[in-house]
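Worksheet: the structure to be examined is printed underneath.
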Amino acid sequence: MNLTNELVAAHLEEIGVLMRLAGENDFRASAFDRAARTIESLDSPVANLIEQQKLTDVKGIGKSIAEDIYALAETGEIPVLSDLRERVPDDLKEWLRISGLGPKKIYKIHHELGITTLDELKEKCADGSVAGLSGMGKKSAEKILKSIEWLEQFGERCLLNEADEIASALYQDLKQLSGVEEISVAGSLRRWKETIGDIDILIGADSDHASAIFDVFTQNEHVVEVLGRGDTKSSVRTDQGRQVDLRIVSPKEFPAALMYFTGSKEHNVVMRQRARDRNLSLNEYGLFKLDSGGNTDFDQPVKYDSEKDIYAELDLAWVPPELREDRGEFAWFEKNDSISLLEHDDIRGVLHAHSTWSDGKYSVEQMARACIERGYTYLGLTDHSQTAAYAGGLKPDDVKRQWDEVDQINEKLSEEGHVFTIFKGIESDILSNGNLDYDDKLLEGFDFVIASIHSGLEMSRDKMMARFKAAIEHPATRIVGHPTGRLLLQRGGSDIDLNQLIEWAAEHNTAIEINANPRRLDLDWRWGQKARDCGLQTAICPDAHTTKGIDDIRYGVQIARKGWFEKQRVLSTYTAKELKDWFNS
DNA sequence: GCCGTTTTCGGCCCGACTGTTTTCAGTCG
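As numbered in my numbering, residues 998 to 1582 make up the first sequence, in order.
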């Protein structure tokens, strides 16, 4: 059995979840969580470690979990998981998504009322059975019902752009209030995760202003429900179904609080452990010495003025928020003062955009002018190829007419004094046999080809990889488009071996795009370390179908940063001349 | 379940808030 890292991680993670639901020791469950994340972020195949019987060399994998993985490799299953699956109904996992319900309460409700489905849970909340359980009450039952309603209407998470819009509006609203000395978005939005659950906003203000600030927050026009309100924290639900948490701390404590509320949880756990190792305690108010009993001594604070100071106390350089995922940042920032990551201003041009020739909404000229307005110096036009009939893909004759039009517009723009180039590209379908979508002669005429899969996404892993291999080996292919084909919150991607794909692409001097459309963000940032090790090139591709779609580049830049991409490995930072040379290299 | 140059056993990150309680467990981030 060929075990992938993702598959092993998924098994371990499921054990962790089911253990909690089965009411078992939380630390034990956490050990499986940690092991899952470790395996997932390995940049070599776990299969090698299995073969060499070296699993326990990996930190966080002990004898017991190693044996579980060996069992998985040999028999295809893990006894402890099989056992858990029998004991814990699958439906209960769904309940974890309900806010206010954790493993303990789920365990209690399931056991004492003998129910497993979401519908049964709704019934028992409505008829008073849940309220009758010890430790639960009428309010708990109401909260559960309400939370299920929200969940069914809006889902658990939203796309990055939606969260970004909600947060920006609230940020603007709060920023100007009197007493607000510091304000920042925190949480997963500050870390630019690809999807967002709750939105976190942090304010530094003296406590006598807090009440007035919370008043404005809870009375914002988009707020439909106030979920909670204390002296330092308030949570609301907006009309788009998102929960927003606002924390107010004193300006002095702002840096520590910002670090704390930015997370990730995993990053914070390591930070606190590092503090403990240095006889300190880290919390949202700062760093403190430990007293003789090993407890936080709030009378002995360590002075700091910024996040940077706090990292420095723990022998680390400042970690950009995007990298705070406990995926290698500690090793890096122990040894290095900083990291050179792609910046927004580095982007010089737009690669991957559609026009009215296929399924875009604007003409080539309109798209080009929109790029110019935004200060970009080239447009890599890539309409769909002929097989994408649903998207108005170009027949060979269309291609030649489009080339003529591009020549004319290039000339016209040049006459107007613009230093701007439209590159003749195509987003060629990778057919099921791995061929590109035109004959070689026509393909040669393009400045560059983005090769993407749009159909047959469900093929087996082996067949998908054979398709990609053939496409990458084709001399015309310069960029691989949205490799997994996932649509965030809608459908998962194809089953492919991304580690292998990255190796192949890097070997053939072919780039893999970071599709910047917030529904895709594919290549996923989690493969950033592998890409870095292989020297893979990428491009920030808005996949724009409208002029406004060009602005999605900003999400792509953030994801590239999150994937540890530096400027030199991003084609979109090249000048038109450099890019042309690279296309022909 | 994992880990350890103070430890092979006994820890494992920490505080706010809520709802249920009369002192705290569970959830959340």
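C-beta: ideal position from N, C-alpha, C; glycine also.
Reduced DSSP secondary structure (H/G/I, E/B, other) of LEU1142 | helix
To test your reading of the DSSP string, which unbroken beta strand (DSSP E) runs of 3 or more residues are found completely within the stretch 1367-1392? Positions of the beta strand (DSSP E) runs, each at least 3 residues long and wholly inside the stretch 1367-1392, are given as 1375-1381 in order along the chain.
Apart from the five residues on each side of it in sequence, which residues of its chain come closer than 8 angstroms, Cβ to Cβ, to PHE1211?
-> ARG1226, SER1231, LEU1243, ILE1245
Any alpha helix (DSSP H) of 4 or more consecutive residues that is wholly inside the stretch 1271-1339:
1304-1310, 1326-1332
| Do HIS1381 and GLU1441 have their CB atoms nearer than 7 angstroms? | No, Cβ-Cβ distance for HIS1381 and GLU1441 is not below 7 angstroms.
- Query: Just the Cα atoms here: how many angstroms apart are ASN1506 and LEU1576?
  - Reply: C-alpha separation (whole angstroms): 13 angstroms.
Where do the N-terminal and C-terminal ends of the alpha helix (DSSP H) with ILE1550 fall, by residue?
Boundaries of the alpha helix (DSSP H) harbouring ILE1550: 1550-1559, taken from the DSSP string.
Using only the alpha-carbon positions, how far apart do GLY1390 and ARG1017 sit? 50 angstroms
Do you know offhand how far LEU1484's Cα is from CYS1538's? Distance from the CA of LEU1484 to the CA of CYS1538, rounded to the nearest whole angstrom, comes to 16 angstroms.
- prompt: So ARG1321 and ARG1188 are in contact, right, with Cβ under 8 angstroms, and what is the actual spacing, rounded?
  reply: In this structure, ARG1321 and ARG1188 form a Cβ contact; the two beta carbons are roughly 6 angstroms apart against a cut-off of 8 angstroms.
Q. Under three-state DSSP, which class holds GLU1413?
A. coil
ask   = For VAL1221, does the count of other Cβ atoms within 10 angstroms reach 16, so buried, or fall short, so exposed?
value = exposed
Residue from GLU1504, HIS1451, TRP1329, VAL1361 with nearest C-alpha to ALA1541
VAL1361
Discussion item. Classify ASN1265: buried if its beta carbon has 16 or more other beta carbons within 10 angstroms, exposed otherwise.
Written reply: With 16 or more other Cβ atoms from the protein chains shown falling within 10 Å of its own Cβ, ASN1265 counts as buried.
What do you reckon, are the CB atoms on ALA1536 and LEU1348 nearer than 7 angstroms?
-> yes
- prompt: Assuming ARG1239 contacts ALA1160 under a Cβ cut-off of 8 angstroms, what Cβ separation, rounded to an integer in Å, is found between them?
  reply: 7 angstroms
Practice prompt. Would you tell me roughly how many angstroms separate the C-alpha atoms of ASN1581 and ALA1314, rounded to the nearest one?
Written response: ASN1581 and ALA1314: Cα-Cα distance of roughly 40 angstroms.
Taking 8 angstroms as the limit between beta carbons, can you name the residues of its chain near GLN1497, skipping five residues before and five after?
These residues qualify, in order along the chain: MET1462.
*GLY1525 - containing alpha helix (DSSP H), residue span*: Segment 1525-1531, the alpha helix (DSSP H) holding GLY1525.
Uninterrupted beta strand (DSSP E) stretches inside the stretch 1192-1237 (no shorter than 3 residues)
Entirely contained in the stretch 1192-1237, the beta strand (DSSP E) runs reaching 3 residues are, in chain order, 1196-1201, 1220-1226, 1230-1235.
* Report the option in GLY1431, GLU1326, TYR1301, THR1072 whose CA atom is closest to the CA atom of ALA1253. => Check the Cα spacing between ALA1253 and each of GLY1431, GLU1326, TYR1301, THR1072: the tightest is with TYR1301.
Rank SER1303, LEU1081, LEU1311 by C-alpha distance to the C-alpha of SER1278 and give the top, closest one.
LEU1311
Under 8 angstroms Cβ to Cβ from GLN1237, same chain only, skipping five residues before and after it: list those, please.
Contacts found: PHE1151, CYS1155, GLU1159, ILE1163, HIS1219.
>> Restricting to runs no shorter than 4 residues, where is the alpha helix (DSSP H) found entirely within the stretch 1076-1131?
In response: 1076-1084, 1089-1092, 1100-1110, 1115-1123
Just reading off the alpha helix (DSSP H) that ILE1012 is part of, what are its end residues? Unbroken alpha helix (DSSP H) run through ILE1012: 1002-1018.
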